[in-house]
Amino acid sequence: MDRLDSMEIFCRVAELGSFSAVARQMNVARSVVTRQVAALEAHLGVKLIARSTRQLSLTSAGSAYLEKCREILNLVDAAESDVVQERQVPRGHIRLSVPLSFGLRHLTPILLDFGSAYPEVSLEVDYTDRKVKLIEEGADLAIRITGRLEPQDVARRISVCRATVVASPAYLKQHGEPTHPAQLIEHECFGYTPVSRFAWTFLIDGQAQDFPVRNRLCANNGDALLDAAERGMGITNPPTFIAASSIEAGLVKPILTDFALPEFGIYAVFPGNRYVPQRVRLLVDFLIERIGPEPYWDAVALFGGRKRPVGAVKRSRR
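Every letter in the sequence shown is one number past the one before it in our numbering, and letter 228, counting from 1, is 602.
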């Protein structure tokens, strides 16, 4: 029995609550997982996991042993990482999850450049707006755009995500340009679900205020909503990382630029209770350096030639 391998498998079983799930994650037979845990229990002379027909649960000895295993495995990872750093040749595999539109528009070229800079590091990228469960799904990193991290999240801030309200010149010529958020109810609007389905939030006199909208189209993808606005069908409020190129091309125009919209953070989120390998830390450093605290797509021109209103409000995940 390789004790470290058995300890790692035991930790995974404790985290996922299933021998079968660990076997699928490791691409091995379920019997391999059960044998490793059984061998570890035999070596220790105690029961670590209480098994039933429906679920697995840790015994009191198992709970105490789990924390020690995590500490030991983190120390092993740290020691190996130090050796890699001394050689200055990062290598290994990174599984990461990135938001769909943000990933395709802005992260893909950065990830490709990272791959060129570190040819011995391989990347497996999942483009999805779903909130991936890092430990359960075996991911090393997730890029998330949110106004509120969960208490258990281990994260590092990469940059800021702002939004803007836009419409096509043709739509504004035909229907007029609103000068206050209260006038949005008179227009066709396209809202991001579920955040802005029934109301859009602005900062009025220093306070967050919701303004009702009549959404002709709702979707959970900002590119789809922006496409509708470009076609002159109405008004939408996409993140600037989606709207920037269309604004620069003159397909849509920022409006209501005197009113602040909610701000979100762009974060690198790591699996909790685990050592972060050097290759993952290097990738996050690379993203921060390339994007910066004031992202390159947030040129002043995106806000109608005026400075961005300050004091934007944080809300739930977008």
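Quick reminder that beta carbons are idealized off the backbone N, C-alpha and C, glycines included.
Where does the unbroken beta strand (DSSP E) through Tyr641 begin, and where does it stop? For the purposes of this step, residue 641 is identified with residue 267 of the sequence shown, where counting begins at 1. Counting along the chain, the beta strand (DSSP E) containing Tyr641 begins and ends at Phe638 to Phe644.
Run through DSSP, which three-state label would Val463 get? For the purposes of this step, residue 463 is identified with residue 89 of the sequence shown, where counting begins at 1. In the structure shown, Val463 sits in coil (DSSP, three-state: anything other than H, G, I, E or B).
Could you check if Arg352 is buried or exposed, using at least 16 other CB atoms within 10 Å of its CB as the buried criterion? Only positions 375 to 692 of the chain appear in the structure, and residue 352 is not among them; the question remains open.
According to the Cβ coordinates, are Trp574 and Leu599 closer than 9 angstroms? Residue 574 sits at position 200 when you count from the first residue of the sequence shown. Residue 599 sits at position 225 when you count from the first residue of the sequence shown. No, the Cβ-Cβ distance between Trp574 and Leu599 is not below 9 angstroms.
Could you tell me the distance, in whole angstroms, from the CA atom of Val402 to the CA atom of Gln410? Along the sequence shown, read from residue 1 onward, the residue named residue 402 stands at position 28. Along the sequence shown, read from residue 1 onward, the residue named residue 410 stands at position 36. Each residue's Cα considered, the two are about 12 angstroms apart.
Please state whether DSSP places Val587 in a helix, a strand or coil. Locating residue 587 in the sequence shown gives position 213, where the first residue counts as 1. In the structure shown, Val587 sits in coil (DSSP, three-state: anything other than H, G, I, E or B).
Span separating the alpha-carbon of Ala516 from that of Cys443: Position 142 of the sequence shown, counted from the start, is the residue given in the question as residue 516. Position 69 of the sequence shown, counted from the start, is the residue given in the question as residue 443. The alpha-carbon atoms of Ala516 and Cys443 are separated by roughly 24 angstroms.
Proximity of Arg530 and Phe638 at Cβ, strictly below 9 angstroms: Within the sequence shown, numbered from 1, the residue matching residue 530 stands at position 156. Within the sequence shown, numbered from 1, the residue matching residue 638 stands at position 264. The beta carbons of Arg530 and Phe638 sit no closer together than 9 angstroms.
Own chain, CB closer than 8 angstroms to Ser392, minus 5 neighbours either side, in chain order: As a working note, residue 392 is residue 18 in the sequence shown. These residues qualify, in order along the chain: Leu430.
For a quick check, are the C-beta atoms of Tyr649 and Leu414 less than 9 angstroms apart? Locating residue 649 in the sequence shown gives position 275, where the first residue counts as 1. Locating residue 414 in the sequence shown gives position 40, where the first residue counts as 1. No, these two residues do not count as a Cβ contact at 9 angstroms.
Cα separation between Pro568 and Arg377? Stepping through the sequence shown from its first residue, residue 568 is reached at position 194. Stepping through the sequence shown from its first residue, residue 377 is reached at position 3. CA-CA distance, Pro568 to Arg377, rounds to 47 angstroms.
Excluding the 5 residues preceding and the 5 following Asp500 in the sequence, name in chain order all residues of the same chain whose CB lies nearer than 8 angstroms to its CB. Along the sequence shown, read from residue 1 onward, the residue named residue 500 stands at position 126. For Asp500, where only same-chain residues beyond five positions count, the Cβ hits under 8 angstroms are Arg469, Leu470, Ser471, Val472, Val506 and Ala513.
Checking 9 angstroms against the spacing of the C-beta atoms, do Tyr492 and Pro464 come in under that value? Sequence index remark: in the sequence shown, residue 492 carries index 118 (1-based). Sequence index remark: in the sequence shown, residue 464 carries index 90 (1-based). Less than 9 angstroms separates the beta-carbon of Tyr492 from that of Pro464.
Give me the residue from Glu445, Ala412, Arg590 and Gln583 with the minimum Cα distance to Ala556. The residue you call residue 556 lines up with position 182 of the sequence shown. Closest by C-alpha distance to Ala556, out of Glu445, Ala412, Arg590 and Gln583, is Gln583.
Given this structure, state the Cα-to-Cα distance separating Asp672 from Thr433, to the nearest angstrom. Locating residue 672 in the sequence shown gives position 298, where the first residue counts as 1. Locating residue 433 in the sequence shown gives position 59, where the first residue counts as 1. Their backbone Cα atoms lie some 53 angstroms apart in a straight line.
Pair within 9 angstroms by beta-carbon distance, Gln399 and Glu498: Start at 1 with the first residue of the sequence shown, and residue 399 comes out as number 25. Start at 1 with the first residue of the sequence shown, and residue 498 comes out as number 124. Contact flag unset, no.
Just to confirm before moving on: does the CB-CB distance between Ser321 and Pro613 stay below 9 angstroms? Nothing can be reported for residue 321: it is not among the residues displayed for the chain, which extend from 375 to 692.
Under three-state DSSP, which class holds Gln652? For this step, residue 652 is matched to residue 278 along the sequence shown. In the three-state reduction of the DSSP assignment, Gln652 falls in the helix class, which pools H, G and I.
For the beta strand (DSSP E) holding Leu497, just list the boundary residues, first then last. The residue given as residue 497 occupies position 123 in the sequence shown. From DSSP, the beta strand (DSSP E) with Leu497 extends over Val495 to Tyr501.
Under 8 angstroms: does the beta carbon of Phe384 sit that close to some heavy atom of the ligand ADP? Although the ligand ADP was asked about, the structure shown includes no ligands whatsoever.
DSSP on Ala397, reduced to helix/strand/coil? By 1-based counting over the sequence shown, the position of residue 397 is 23. Taken through DSSP and simplified to helix, strand or coil, Ala397 comes out as helix.
Helix, strand or coil, according to DSSP, for Arg571 in the structure here? In the sequence shown, counting from the first residue as 1, residue 571 sits at position 197. Three-state DSSP puts Arg571 in coil, outside helix and strand.
In the structure shown, what three-state DSSP assignment does Gly565 receive? Here residue 565 refers to the residue found at position 191 when the sequence shown is read from its first residue. DSSP places Gly565 in strand when its eight states are reduced to three.
If you check the beta carbons only, do Pro552 and Leu478 fall under 9 angstroms apart? Position 178 of the sequence shown, counted from the start, is the residue given in the question as residue 552. Position 104 of the sequence shown, counted from the start, is the residue given in the question as residue 478. No, the pair does not count as a contact, with Cβ atoms beyond the cut-off.
Pick from Ala435, Arg605, Ile383 and Phe644: whose alpha carbon is nearest that of Tyr545? Taking the first residue of the sequence shown as position 1, residue 545 is located at position 171. Nearest Cα to Tyr545 within the set Ala435, Arg605, Ile383 and Phe644: Arg605.
Considering only C-alpha positions, which residue in the set Thr610, Val387, Pro525 and Pro651 is nearest to Glu454? Against the sequence shown, residue 454 aligns to sequence position 80. Glu454 has its Cα closest to that of Pro651, out of Thr610, Val387, Pro525 and Pro651.
With C-beta atoms as the reference, is Leu508 less than 9 angstroms away from Phe633? Counting from 1 along the sequence shown, the entry for residue 508 is found at position 134. Counting from 1 along the sequence shown, the entry for residue 633 is found at position 259. For the pair Leu508 and Phe633, the CB atoms are not nearer than the 9 angstroms cut-off.
Over the uninterrupted beta strand (DSSP E) stretch that includes Ala516, give me the two end residues. For the purposes of this step, residue 516 is taken as residue 142 along the sequence shown, with counting starting at 1. Taken as a continuous stretch (DSSP letters only), the beta strand (DSSP E) holding Ala516 covers Leu515 to Thr520.
Which residue wins for smallest C-alpha separation from Gly466, given the options Arg522, Arg653 and Leu390? In the sequence shown, residue 466 corresponds to position 92, counting from 1. Relative to the Cα of Gly466, the nearest Cα in the group Arg522, Arg653 and Leu390 belongs to Arg653.
Ile425 - containing beta strand (DSSP E), residue span: By 1-based counting over the sequence shown, the position of residue 425 is 51. Sequence check: residue 425 is Arg here, not Ile. For Arg425, the enclosing beta strand (DSSP E) starts and ends at Ile423 to Arg425.
Member of Thr482, Val450, Ser619 and Val658 whose CA lies at the smallest distance from the CA of Tyr641: Counting from 1 along the sequence shown, the entry for residue 641 is found at position 267. Looking at the Cα atoms, Val658 is the closest of the given residues.
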